[in-house]
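Asks:
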Amino acid sequence: MAGRSANGRHGLRGHAGRTAALARLLHKECIQLLELYRNSESLPSSPVDGGYLVSIPPLVPQLSDAEKISILHAALKECLRLLEDVITREDAEFSDEDSEYKRKLKTVRDRLGHLLASTEQLLVDGQKFEAKVKEELDGQAASGSFGLKMWIVRVLQDLVHWTGQTSDTLRSMPAEMEKAPKTMSRRTRRGAGKMRK
Amino acid sequence: MGSSHDLLLLLMFLHYAVGPTNSCVKILPDSSSSIVLEVGKDFTATCHLLEGSAYTSDDIEWILGNVSIAKQSYRKINETSVSVTVNINSNMSGWLRCRAAKKSLSYARTCIYGILLRTGYPPLKPKNLSCIAVQEDKDISSYLNCSWDPGSRNLLIDTTYTIYANVYVLSNRTDCNQHLARSCVVNLETFPIHMVLKVWVEVKNALGSERSEELQTDSSYFAKPNPPLNVQVLTEVNIPTCLMVTWKHPIDRTILKLSYAIEYRKAASDVWIEVPESFTRGYIESFRLQSLEPYTQYVVQMRCIGESYSSYWSNWSHSITESTAEASMTCIIHNLGNVDGRAPVKANGKILLYNLSINQDNEMFESHNITADNLRQTYSMELPTGKMASIEITAVNSVGVSPKATLFIPRSDKELPGVENMSWSVRDEKPEPELQVKWTAVLPLHHTLHLFEYLLEWVKIPQAVHQTELQADWQRVPNNVTITTLNADLEKFKRYNISVYPIYKYYSGHMWHFQAGRPVTRPAYIQQGTPEEGPTVTVTKSKKNSAELTWKEIPLDRQRGFITNYTIFYEIGNTKQSVMVGPNVHTYVLMDLASETDYVVNVEASTEAGSVKGTGCTFKTMKYGDGEVEVIVVVVCLSFLFLTVFIIMLCLRKREVLKKLLWPQVPDPSDSSIAHWSPDFPIKADLPKEDVSVVEVDVFDGKSLCEEDKGVLPLKKDKYLSEEHSSGIGGSSCMSSPRHSVSDSDEGDSGQTTASTVQYSSVRASGYKGQTPSHQPPAFARSESTQPLLDCEEHPDHLNESHSRSSYFRRGQELEPGVLAPECDGGSLTFCPVQEEEASPIAEDPPASALCYMPQKSGYRPQ
């Protein structure tokens, strides 16, 4: 690193700042991904009705920022699981296809993994939140190909939504949270399991 | 057939090298593969004789490769075990074998076992790890290229370098198995923007492993963005001192927020000026360059870096050239010392024309308008002594007129003093060295004459070929400064003349006048180099022991520095000699050279930076020195002259002799007695006048005869007498006339002559007219004739008469009767044989003189 003393430093930004920047980047990429998918599948740009697939406890103002992050972290984790289901399904159907959409899809997946790893550092010990998924991939088999695509759109919409939420929440976080980034909590990881209906 | 033979040999080798499975010895440690050992360490192996072996430990021998290990390295553990300890070096890779065999003749089977050793070094800790991921399209590439210093030691054994890149719990790794790998690329799948990335490299081989220090930082520190996109430079029409620079971000700020750096320079200059980074720190896409010079071309380029220097710098963008707008002129430079016009330093626009006015003692003398494309003008004006002239000039461009610049022409009778002790030095400043000039301040001369300032002028010498006038640059220095650095972009290896002018001012005629003092000039180089070429030497004079060499001074533009000295190298064969002379010497005489010898000579020119030899030449010293040839010629000529004079003198002294030799007196046949002879007329009457005989009797040298041993004489006489030849003249006479000549005869002959046949013979030496008879035996001519003898027998009285003309009977050119007589002792004269006297009736009356010649009497007997 010529001319820079990078070793042992994490940069001038704090961890929360980096996480916020990452959430913002991911949110933007999710928007691009959704746009790419709609374009590739010639789907209407209007949102698909039916609400978000992932549901979490309401982010009421009474919750602390850490609690909000923990809740959003649970939602993002579900989003990642759904996204991997999408990738698995699409790889099974169009394994040879190499499109910008597929590249972006995998980038978003990786970036979401990065965001999850990064937000995990901001979680508060002892607090456990779970997110619920209303419609899984398994239930889409009966609704045919169109139903599956609509479900994928909904997954991508969820991604846009929850990454946006996370980005906004992280940006609004005070600087104090950056002062004591904790190490990854095993308990939190264990508690971040799926919450199904 | 051949391959099966090779296979058999291989099997035999393996059998003996490794040993059969049922070998009676075993080595510990053992391994199914090779045993890797560290160079420099001791290694101990133990050979065990298996149970039932016929050998003891004394029969064990260790062999490394094909060489038996010295017994000193062995250690006997017990009767069946022997260990060996060796210090490992890098050449020991190969088989280490233990062999048990009887030293004496034995039927016991040889036991052998081996282990394969490989030697090497443990890895070194990789140093200076650095990783970079370049921008790819609109994102940062997922490929992280890392490099490090593995150390220079050859590890000799297989070594694996593994690069680890961890993003928290997510880990990526890549193995690089290249020998002494220095770099490796790890694929991160997706570059972890806004994450902390931890990178290190591990190196591992059979002898150990090492791990480099970790790079753990925000991943942006590994990113290298592209240069700014679409960089444009726009002229600000209304602001002639500004240029607007615009660009586009090369990457989205959500990935990497950038800050920018801008630098610019005048198109005519190489010095870049960087805009302070604090001005361009924000995430901006335009910047206005200010404080530029109007109507000047500038070159602009940009680069970018992650905010707060959180990435690598990008490369520089392409350079953009643009000009600032025109502006009204602000000033025009004073041009001291030169009347010809020159474009001002800050033209601020295109100069349309110049207004020039020449004044004499503050009164207008003449005025001219000069167009910008015709700057070189000549005007003449007589300046009376004591009067002062001034020249005022203004420049006009499309916007306005410049302030007036005035040049004062000083009175010719007044030269103002210059500075003293002017010197220069080079300061090694970064990035370029600078030239510093210092001098001693001029002393105040008069209270009305003030030192206004100093002016430093520098002129590159020599100028380019196409330039017709000196291209001078200058800078002004306040009057209280005596040391300054030239704000000049001086070329390396070029000579500059640096002058310091003190500028004085004084008040006269209700206005201030300016006048330059005497300039002090010094040549200088900002950096000296070795000359481009050496001097070409020629030999102008070559003498016997010296030669004069001449070489030209190297042209100034090729000197590239001050010549410190010349070194003359001259060599003969393998012997080289050199002479060093000063820088101002261009002719030198080499002394003490060997004569008539080839020399190779060349001259080397040296500056403080180095030396260069010039083209050499070959010359040969002369064989003779100055005047030697002339002396030889004079001596030879004088010698020839003396010899000639001597010969002439000798000829004069001996002219009579020579005359006789060269022009012998040949008898005139018309006056001979035979012409007047008739049988009835007594011949006696003509005898006193005429030559009776034309027979020449030449005999061999009497002197040589004298020197002969008299005892040998009879033998010689026989010889001489046996060689008879017919005479030339006499012979012909005898043939053409009834006259008989008698020369000699031996005893027998005389009897014959008297009895029946008279032999007419002549004896002559061939020394006629200068020929050398002494080297030729005398020739005797004999004529076989039955003619009766001449009447000299019957007329012995004729003998006396004939005797008086005996000079016709010559012995040769060199021998004259008178000369020979003293050398011979009368009766001992060898050519006076008694036999001849007996045989010849003439001999009965020997001549009274001691001469041995037998003169033929004149007179012929009529037949």
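Same order as they appear, the protein sequences are chains A and B. Residue 90 in UniProt numbering sits at position 90 of the first sequence; the count goes up by one each step and never skips. Residue 712 in UniProt numbering sits at position 712 of the second sequence; the count goes up by one each step and never skips. Quick reminder that beta carbons are idealized off the backbone N, C-alpha and C, glycines included.
Excluding the 5 residues flanking B/Lys350 on each side, which residues of the same chain have their C-beta closer than 8 Å to its C-beta?
Replies: For the purposes of this step, residue 350 of chain B is taken as residue 350 along the second sequence, with counting starting at 1. Within the same chain, B/Lys350 has close Cβ partners Tyr295, Glu326, Ala372, Asn397 and Ser398.
Asks: Listing by chain order, which chain B residues have their CB less than 9 Å from the CB of A/His73?
Replies: What you label residue 73 of chain A is simply residue 73 of the first sequence in a count that begins at 1. Annotation: A/His73 has no Cβ neighbours in chain B at a cutoff of 9 Å; minimum Cβ distance is about 14 Å.
Asks: Within the same chain, show all residues whose beta-carbon is closer than 7 Å to that of B/Leu658, passing over the 5 residues directly before and after it, in chain order.
Replies: By one-based count along the second sequence, residue 658 of chain B stands at place 658. Only Cys651 meet the Cβ criterion.
Asks: Pop quiz: B/Pro555 and B/Gly418 are said to be a contact at Cβ under 8 Å. What is the actual Cβ separation, rounded to whole angstroms?
Replies: Here residue 555 of chain B corresponds to residue number 555 of the second sequence, with the count starting at 1. Here residue 418 of chain B corresponds to residue number 418 of the second sequence, with the count starting at 1. Between B/Gly418 and B/Pro555 the Cβ distance is about 29 Å, and since that is not below 8 Å, they are no contact.
Asks: How long is the line joining the alpha carbons of B/Glu202 and B/Asp139, rounded to whole angstroms?
Replies: Looking up residue 202 of chain B in the second sequence gives position 202. Looking up residue 139 of chain B in the second sequence gives position 139. Those two C-alpha atoms are separated by around 29 Å.
Asks: If I measure Cβ to Cβ from B/Glu491 and keep anything under 8 Å in the same chain, skipping five residues before and after, which residues do I get?
Replies: Against the second sequence, residue 491 of chain B aligns to sequence position 491. Taken in chain order, the residues that qualify are Lys460 and Ile526.
Asks: Using Cβ-Cβ distances below 8 Å, what residues of the segment 16-42 of chain A are close to chain B?
Replies: Arg18, Thr19, Ala21, Leu22, Arg24, Leu25 and Lys28
Asks: Tell me the DSSP secondary structure of B/Leu375 in three-state form.
Replies: Position 375 of the second sequence, counting from 1, holds the residue named residue 375 of chain B. DSSP places B/Leu375 in coil when its eight states are reduced to three.
Asks: State the DSSP-derived secondary structure class of A/Thr166, mapped to helix, strand or coil.
Replies: Along the first sequence, read from residue 1 onward, the residue named residue 166 of chain A stands at position 166. Assigned with DSSP and collapsed to three states, A/Thr166 falls in helix.
Asks: For chain A, find out if any of its Cβ atoms is closer than 8 Å to the Cβ of B/Tyr283; answer yes or no.
Replies: Position 283 of the second sequence holds residue 283 of chain B. Chain A contact via Cβ: absent.
Asks: Could you check what DSSP says for A/Leu122 in three-state terms: helix, strand or coil?
Replies: Position 122 of the first sequence, counted from the first residue, corresponds to residue 122 of chain A. If DSSP states are grouped into helix, strand and coil, A/Leu122 belongs with coil.
Asks: Using a Cβ-Cβ cut-off of less than 7 Å, list which residues of the segment 107-127 of chain A approach chain B; keep chain order.
Replies: Thr107, Asp110, Arg111, Gly113, His114, Ala117 and Ser118
Asks: Can you look up A/Ile56 in the DSSP assignment and give me helix, strand or coil?
Replies: Walking along the first sequence from the start, residue 56 of chain A turns up at place 56. In the structure shown, A/Ile56 sits in coil (DSSP, three-state: anything other than H, G, I, E or B).
Asks: Using DSSP with H/G/I as helix, E/B as strand and the rest coil, what is B/Ile563?
Replies: Counting from 1 along the second sequence, the entry for residue 563 of chain B is found at position 563. In the displayed model, B/Ile563 falls within coil according to three-state DSSP, outside both helix and strand.
Asks: Can you list, in chain order, the stretches of the beta strand (DSSP E) that have 3 or more residues and sit fully within the segment 33-97 of chain B?
Replies: Counting only runs of 3 or more, we get 35-38, 42-49, 60-64, 74-78 and 81-87.
Asks: Grouping DSSP H, G and I as helix and E and B as strand, with all else coil, what is B/Ser499?
Replies: Taking the second sequence and counting its residues from 1, one reaches residue 499 of chain B at position 499. Looking at B/Ser499 - three-state DSSP - the assignment turns out to be strand.
Asks: Helix, strand or coil for B/Gln787? Go by DSSP, reduced to three states.
Replies: Sequence index remark: in the second sequence, residue 787 of chain B carries index 787 (1-based). Because the pLDDT of B/Gln787 is 48, which lies under 50, any placement of that residue in the model is unreliable, and the number read from its coordinates should be weighed accordingly. Collapsing the DSSP output to three states places B/Gln787 in coil.
Asks: Can you tell me whether B/Asn602 is buried or exposed? The criterion is at least 16 other CB atoms within 10 Å of its CB, across all chains shown.
Replies: The count along the second sequence starts at 1 and reaches residue 602 of chain B at position 602. Buried is the call here.
Asks: For a minimum of 3 consecutive residues, which ranges assigned as the beta strand (DSSP E) are wholly contained in the segment 153-237 of chain B?
Replies: 159-167, 170-176, 183-187, 196-205, 208-211, 215-218 and 229-235
Asks: Let me confirm a value: A/Glu100 is counted as buried when at least 16 other C-beta atoms fall within 10 Å, else exposed. Which label applies?
Replies: Here residue 100 of chain A corresponds to residue number 100 of the first sequence, with the count starting at 1. It is exposed - the Cβ of A/Glu100 has fewer than 16 other Cβ atoms within 10 Å.
Asks: On the DSSP letters alone, give me the boundaries of the beta strand (DSSP E) that B/His318 sits inside.
Replies: Looking up residue 318 of chain B in the second sequence gives position 318. Neither: B/His318 is in no beta strand (DSSP E) and is coded neither H nor E.
Asks: Relative to chain A, which residues along the segment 166-180 of chain B have a C-beta separation below 8 Å, given in chain order?
Replies: Val167, Tyr168, Val169 and Leu170
Asks: Under DSSP, the alpha helix (DSSP H) around A/His15 begins and ends at which residues?
Replies: Along the first sequence, read from residue 1 onward, the residue named residue 15 of chain A stands at position 15. Looking at the DSSP string, the run of the alpha helix (DSSP H) that includes A/His15 is His15 to Glu41.
Asks: Beta-carbon within less than 6 Å of B/Val300's beta-carbon, same chain only, minus the 5 sequence neighbours each way: which residues are those?
Replies: Taking the second sequence and counting its residues from 1, the one referred to as residue 300 of chain B is at position 300. Excluding positions up to five away in sequence, the list reads Val233, Val245, Tyr264 and Ile320.
Asks: Just verifying my parser: in three-state terms, what is the DSSP assignment at B/Gln135?
Replies: Translated into the one-based positions of the second sequence, residue 135 of chain B becomes position 135. Three-state result, B/Gln135: strand.
Asks: Please say whether B/Tyr624 and B/Tyr600 have beta carbons closer to each other than 8 Å?
Replies: For the purposes of this step, residue 600 of chain B is identified with residue 600 of the second sequence, where counting begins at 1. For the purposes of this step, residue 624 of chain B is identified with residue 624 of the second sequence, where counting begins at 1. The amino acid at residue 600 of chain B is misidentified as Tyr; the sequence shows Val. For B/Val600 and B/Tyr624, no; Cβs fall outside 8 Å.
Asks: To the nearest angstrom, how far is it from the Cα of A/Arg18 to the Cα of A/His114?
Replies: Here the question's residue 18 of chain A lines up with position 18 in the first sequence. Here the question's residue 114 of chain A lines up with position 114 in the first sequence. Taking the straight line from one Cα to the other gives about 11 Å.
Asks: So what does B/Val601 bridge to, in DSSP terms?
Replies: Position 601 of the second sequence, counted from the start, is the residue given in the question as residue 601 of chain B. Its beta-bridge partners are B/Tyr570 and B/Cys617.
Asks: Along the segment 192-214 of chain B, what residues have a CB closer than 9 Å to any CB found in chain A?
Replies: Pro192, Ile193, His194, Met195, Val196, Glu213 and Glu214
Asks: To the nearest angstrom, how far is the alpha carbon of B/Thr80 from that of B/Gly208?
Replies: Along the second sequence, read from residue 1 onward, the residue named residue 80 of chain B stands at position 80. Along the second sequence, read from residue 1 onward, the residue named residue 208 of chain B stands at position 208. Going by the C-alpha atoms only, they are around 34 Å apart.
Asks: In chain D, which residues lie less than 8 Å from B/Ile255 when you measure between Cβ atoms?
Replies: Going by chain labels, chain D is absent from the structure shown, which instead holds the protein chains A and B.
Asks: On the premise that A/Leu170 lies in contact with B/Met195, defined as a C-beta separation below 8 Å, what is that separation, rounded to the nearest angstrom?
Replies: Within the second sequence, residue 195 of chain B is the residue found at index 195, counting from 1. Within the first sequence, residue 170 of chain A is the residue found at index 170, counting from 1. No, B/Met195 and A/Leu170 are not in contact; Cβ-Cβ is about 14 Å, not under 8 Å.
Asks: Would the segment 41-48 of chain B and the segment 73-87 of chain B be scored as touching if the rule is three or more Cβ pairs under 8 Å?
Replies: Touching, yes.
Asks: DSSP puts B/Asn397 in a beta bridge; with which residues?
Replies: Within the second sequence, residue 397 of chain B is the residue found at index 397, counting from 1. Beta-bridge pairing links B/Asn397 to B/Ile351.
Asks: Any beta carbon of chain A sitting closer than 8 Å to that of B/Ile149?
Replies: Here residue 149 of chain B refers to the residue found at position 149 of the second sequence. Per the sequence shown, residue 149 of chain B should be read as Asp rather than Ile. Taking Cβ atoms only, chain A never reaches closer than 8 Å to B/Asp149, which makes this a no.
Asks: Would DSSP call B/Trp551 helix, strand or coil?
Replies: Your numbering for residue 551 of chain B matches position 551 in the second sequence. In the structure shown, the three-state DSSP call for B/Trp551 is strand.
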